[in-house]
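Residue numbers (the working numbering): 27 to 352.
To start, the structure under review is shown below, and the notes come after it.
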Ligand code: ACO
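Rendered as structure tokens:
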């Protein structure tokens, strides 16, 4: 069976930065509250006219360039997103057109903040079964367009951006060693966007009721996120016969610093094993893991043979891990 190896990474975040101080001018909040509760200091916000597919295409081009792979060599594009350009067609199809990946088939995956790991799993399986040789996996989001800027409980948490990896079918020991995916739909109402889909189609009353905006019960999400992120990481270790000290780099979904520190503590991870950059991007949902991965990769922090563990949790609820030998 072929392995799916990550041969290039890329990321793109919009230019505009919204700091906590900026937010103090718009809503009743403080930099101190946001930093102490979440670790977030600033986030990037997409410009008017800038679309999720634009962010995704920029991240994809950077990953292709690093990999030395042409867009025409890509067989498959999977985008993990909950803020695609349109309900349909898939943002992956728009990316395919933008980057000129003429031979690729393309689809989106909706798994909220677990979207990138779910998308990675889908591409890995296509490679393992021999249907695909080269794939682009992208996490891309413009959360700023679905958060309620009048709700201080949620609007301080999120940011926009995209990250991408190029996967190549290879023989040998390097590549994705395992993926584990889980869902529990009984939690859907703790974190969701009520409108405007087929259940609550667009109406003026729906807009007044603020249905198109993200709703979250933060305390409940926090508790389940810590538990599931811990359990799915332990599942990956046990499946691969590894101990926590074998992990060179733990890249969790960048939800907020308190969640990540709680998970790291439960797993007995050392600080230097854990990568956190939520301070500068906020929670970019499906984009957070590939943005973080690209940052550490370009900083030269990952060596060939290193074991890198991705750990994700999001709306649905969904949660997932992927273990990679670099
Ligand atoms: N500025 C100032 N005060 C605020 C703000 C704000 N931005 N937001 C809420 N508050 C107030 C509340 O109104 C409340 O005031 P009250 O006691 O007078 O009612 C007080 O702060 C405490 O509110 P809590 O909700 O108890 O605050 P908590 O310490 O739980 O922190 C937070 C809230 C940060 C949302 C936390 O619950 C959390 O991190 N949850 C996880 C949510 C998350 O990360 N979701 C992302 C999607 S899922 C994922 O990515 C894993």
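Glycine included, each C-beta is placed from N, C-alpha and C at the ideal position.
In the DSSP assignment, residue 232 falls within the unbroken alpha helix (DSSP H) covering 230 to 234. With at least 16 other beta carbons inside 10 angstroms of its own, residue 89 counts as buried.
Relative to residue 160, the option among 114, 276, 282 and 150 whose CA is nearest is 150. For residue 125, the closest alpha carbon among the candidates 137, 148, 153 and 164 is that of 164.
In the three-state reduction of the DSSP assignment, residue 120 falls in the helix class, which pools H, G and I. For the options 287, 291, 296 and 292, the alpha carbon positioned closest to that of residue 304 is the one of 287. For secondary structure counted as the beta strand (DSSP E) over 3 or more consecutive residues, the segment 112 to 179 holds these complete runs in sequence order: 131 to 135 and 160 to 168. Here the distance from the Cβ of residue 323 to the nearest heavy atom of the ligand ACO is not below 7 Å. Contact between residue 310 and residue 169 holds: CB atoms are separated by about 7 Å, below the 8 Å threshold. A Cβ-Cβ distance of about 4 Å is found for the pair residue 34 and residue 192, placing them in contact under the 8 Å criterion. In this structure, the alpha-carbon of residue 266 lies about 8 Å from that of residue 203. Remark: the C-beta of residue 56 is in contact range of the ligand ACO, defined as less than 7 Å to any heavy atom. The Cβ atoms of residue 319 and residue 262 lie no closer than 8 Å to each other. According to the DSSP assignment, residue 79 belongs to no beta strand (DSSP E) but to the alpha helix (DSSP H) extending over 78 to 93. Each residue's CA atom was taken as its position, placing residue 56 and residue 50 some 6 Å apart. Contact between residue 237 and residue 221 holds, since their C-beta atoms are separated by about 3 Å, short of 8 Å.
DSSP places residue 339 in the strand class (E or B) of the three-state scheme. Residue burial annotation: residue 69 is buried, with at least 16 other C-beta atoms found within 10 angstroms of its C-beta. When distances are taken from the beta-carbon of residue 285 to the heavy atoms of the ligand ACO, the shortest one is below 7 Å. Counting only runs that start and end inside the segment 231 to 265, the beta strand (DSSP E) elements of at least 3 residues fall at 240 to 242. Taking 8 Å as the cut-off, the beta carbon of residue 109 is found no closer than this to the beta carbon of residue 283. In the structure shown, the three-state DSSP call for residue 278 is strand. Bridge pairing for residue 347: 206 and 337 [DSSP].
DSSP, read as helix, strand or coil, puts residue 320 in helix.
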